[in-house]
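Engineer:
In this note's numbering, the protein residues as written are 342 to 427.
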């Protein structure tokens, strides 16, 4: 997966040391497309923070690359963060 400089500015390695499907540096073209789809959905919903590739991969792996479920999980995370900052 090519990293997008608009979202991805890391000062550490971005490839997982062990080859595991869906992990940074070891994604399929379909998984790359799902990262872009999730990012587009989040941006359309108004989210601007934490849209980097590594974060989105974590959410997608947690929901077996189901974009809708990953979106819902991300949305719930933001709600929890907002409640915690009050």
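Using N, Cα and C, we set each Cβ at its ideal position, and we do this for glycine too.
Because the structure is a prediction, the values reported are computed rather than measured.
On the DSSP bridge list, what partners appear for residue 377?
Structural biologist: In DSSP, residue 377 forms no bridge with anything.
Engineer: Starting from the Cα of residue 351, find the closest Cα among 380, 394 and 367 and give me that residue.
Structural biologist: Comparing Cα positions, the closest option is 394.
Engineer: Determine, using beta-carbon pairs with one atom in the stretch 395-411 and one in the stretch 419-427, whether at least three such pairs fall under 8 Å.
Structural biologist: Judged by Cβ distances under 8 Å, the stretch 395-411 makes no contact with the stretch 419-427, as fewer than three pairs qualify.
Engineer: If you count every other CB in all the chains shown that lies within 10 Å of the CB of residue 417, and 16 or more means buried, which is it?
Structural biologist: Answer is exposed; the Cβ neighbour count stays below 16.
Engineer: Using 8 Å for Cβ pairs, my map puts residue 397 next to residue 420. What's the rounded Cβ distance?
Structural biologist: The Cβ separation is near 18 Å, so there is no contact.
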